[in-house]
Structure formats: structure tokens, C-alpha cells
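See structure below.
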Amino acid sequence: AQTVTQSQPEMSVQEAETVTLSCTYDTSESNYYLFWYKQPPSRQMILVIRQEAYKQQNATENRFSVNFQKAAKSFSLKISDSQLGDTAMYFCAFMGGSARQLTFGSGTQLTVLP
Amino acid sequence: DGGITQSPKYLFRKEGQNVTLSCEQNLNHDAMYWYRQDPGQGLRLIYYSQIVNDFQKGDIAEGYSVSREKKESFPLTVTSAQKNPTAFYLCASRGRGASTEAFFGQGTRLTVV
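Quick note, the sequences are listed as chains A and Z, same order.
Numbering (the numbering used here) for the first sequence: 332 to 445.
Numbering (the numbering used here) for the second sequence: 4 to 116.
Encoded structure:
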């Protein structure tokens, strides 16, 4: 079974600054997919970015980018030019194997300060 | 509009009663999931289904049951055997393709009194 660990329960960042959220995972699968989801106060889950494990190039979506280190089983999210609307709970998620079970970490509450 | 709908948004039940949470999607997705969210514990998988008439237990299936008689629907029943049912419940669906994202409903907040 796979596990996903987010070791930072809470983080804060000043508006316009850069912040990095950490995620590590454990799996015996060789082919899998990783995701970052955002949950704002409305509690609606929103996909931020995805990464295929077979791709060496790190995914980027506008101000969001990942640092994917497959050997270290690490998948961190970098948010550049932080905005007040980035305040949310961020979840790292893993999907792999034939069962296609989608497993989430415990989340990091990010607060962007004005 | 295509999407995934959970109802109701808030649900109150007396202890010892079974309750069923609704999840419907019109995205033509094969896979559907139920998660429980508690403060500080993230999303924990209760049950998931990859195809009609088939489903698998997740990490915390005890005290819950599901059915998948139609592709569009994946209702979750919280039974009286669930010791601490008060929580926020999220339903999600995914299309075919390993890298496709999961789409989530808006959740149901269940309070057992």
C-alpha cells in the first residue's frame, strides 16, 4: 500500500513571496501519478498540478511548479508570487497500481499574509 | 453543466440510525470514490469503484457500505456500526486514463447527535 506524508501542517508566506510545500510518498510501484490539490475555505477541491512519474521534466502551471525527485520519492510544490487567493489547504495525492486507488496526504494549511 | 453533485450539503441524524449520502455525476466517468475528511487527518479513502457493479474497500471501510448499480451514482451508507460518523464526506469521480484528475463534489457535512 502506498502512503503520502505532508510534514508541514501549517505554513504562512507574505504576499508576492515564494513558498514551498513538501510531500513525500512511499510506493513499490514504478509507474504512478502525483497531484497537488487545493481546498479553499469553500471546501471545493481544485486540481493545482499533476506529474507523471515517467516524465523527468518537472510540471509547471503558471505560478505553480513542482520539484519531483523520483529516487527520493519527493514531490514538493512551489508557489511563486503568492496571492491572497492562494490561502487554502493543500493536499498531495498519489495514484498508482492497477487498482488506481487515489491516496491523499494529511494536508498543509497555507496562509498568505498581506 | 457537467459535474458531480453531492446531496444534501448538511445532514443531521440521531445516533444509531443509518443514513445514506448521495453522489451523482454526469461526466461519464468510470471511477468513483468516497473520502472522509476530519481536521488534521486529510482525506481518508472509504470505498472506491472502477466500474459498475464493482467496488473495493479503502482504508477506513468499517461501518460504511456502498453500491454501484449505475455508472452515474455511487451512494454511501453510514451505518450504526460506524463509531464516530460525524465528519465531512467528499465524493469524487475520474475518467479513463491514469493521469486524469479526480473531480470532487462539494461535500456533505454529517452530524450525528
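Ideal placement from N, C-alpha and C gives every residue a C-beta, glycine not left out.
| Check | Outcome |
| --- | --- |
| Nearest residue (CA-CA) to Z/Gly-43, options A/Thr-355, A/Phe-422, A/Ser-361 | A/Phe-422 |
| Complete runs of the beta strand (DSSP E) confined to the region 54-98 of chain Z [at least 3 residues] | 57-60, 67-69, 79-81, 90-97 |
| Delimiting residues of the beta strand (DSSP E) encompassing Z/Tyr-36 | 34-41 |
| Beta-carbon proximity of Z/Thr-80 to Z/Tyr-92, cut-off 8 Å | no |
| Enclosing beta strand (DSSP E) for Z/Gln-28 [first to last residue] | 22-28 |
| Where the beta strand (DSSP E) containing A/Ala-419 begins and where it ends | 419-427 |
| Exposure label - A/Ser-437; buried when at least 16 CB within 10 Å | buried |
| Extent of the continuous beta strand (DSSP E) run through Z/Thr-8 | 7-10 |
| For A/Phe-425 and A/Ile-410, believed in contact at Cβ under 8 Å, the rounded distance | Contact doesn't hold; Cβ gap of about 20 Å is too wide. |
| Beta bridge counterpart(s) of A/Glu-341 as assigned by DSSP | A/Gln-440 |
| Contacts around Z/Glu-104, its chain only, beta-carbon distance under 8 Å, and the 5 residues preceding and following it disregarded | Arg-97 |
| Z/Ile-49 versus Z/Cys-94, Z/Gly-108, Z/Arg-99, residue with shortest Cα-Cα distance | Z/Cys-94 |
| Listed by chain order, chain Z residues near A/Leu-433 by CB distance under 8 Å | Tyr-36, Leu-48, Tyr-51, Ala-95, Arg-97, Ala-105 |
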